[in-house]
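So in the UniProt record's numbering, the last spot in the sequence shown is 79, and the numbers never skip.
C-beta atoms are modelled at their ideal positions from N, C-alpha and C, and glycine is treated no differently.
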Amino acid sequence: MEERKNFWKIWGKFVGLLLAVLALWILLIFICDKVLGKTFEELKYIHYFILLVVIIKVKKWFLKKLDEQDEEEKEMIEK
Numbered sequence: 001m002e003e004r005k006n007f008w009k010i011w012g013k014f015v016g017l018l019l020a021v022l023a024l025w026i027l028l029i030f031i032c033d034k035v036l037g038k039t040f041e042e043l044k045y046i047h048y049f050i051l052l053v054v055i056i057k058v059k060k061w062f063l064k065k066l067d068e069q070d071e072e073e074k075e076m077i078e079k
């Protein structure tokens, strides 16, 4: 039961990070439009690349946390 609780805790952080990434991405689009005077269409490839890279980083963090949790569970079972 404890492992499910830990999984959902990590999952909640993962979803929260994805929502934060989305909010920051929208903020970046707004800043580029207002401050730099460049529209989304002019910089869409840069925006999409940044979004893709950040999502991949968050996914790797999530999978790393799950692997760490699995390692801890295996150590507990061995003891």
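I need the boundaries of the alpha helix (DSSP H) containing residue i, first residue and last residue.
{"i": "Leu-43", "result": "Leu-43 -> no alpha helix (DSSP H), and no H or E assigned at all."}
Quick one: what does DSSP say residue i is sitting in, helix, strand or coil?
{"i": "Gly-37", "result": "coil"}
For residue i, which residues of its own chain have a beta-carbon under 7 angstroms away from its beta-carbon, when the five flanking residues on both sides are left out?
{"i": "Leu-66", "result": "Ile-10"}
Whose C-beta lies closer than 8 angstroms to the C-beta of residue i among residues of the same chain, with five residues either side of it excluded?
{"i": "Leu-28", "result": "His-47 and Ile-50"}
{"i": "Val-21", "result": "Leu-51, Val-54, Ile-55 and Val-58"}
**Q.** Stretch-stretch touch, CB-based, cutoff 8 angstroms, three pairs: the region 52–66 with the region 9–26
**A.** yes
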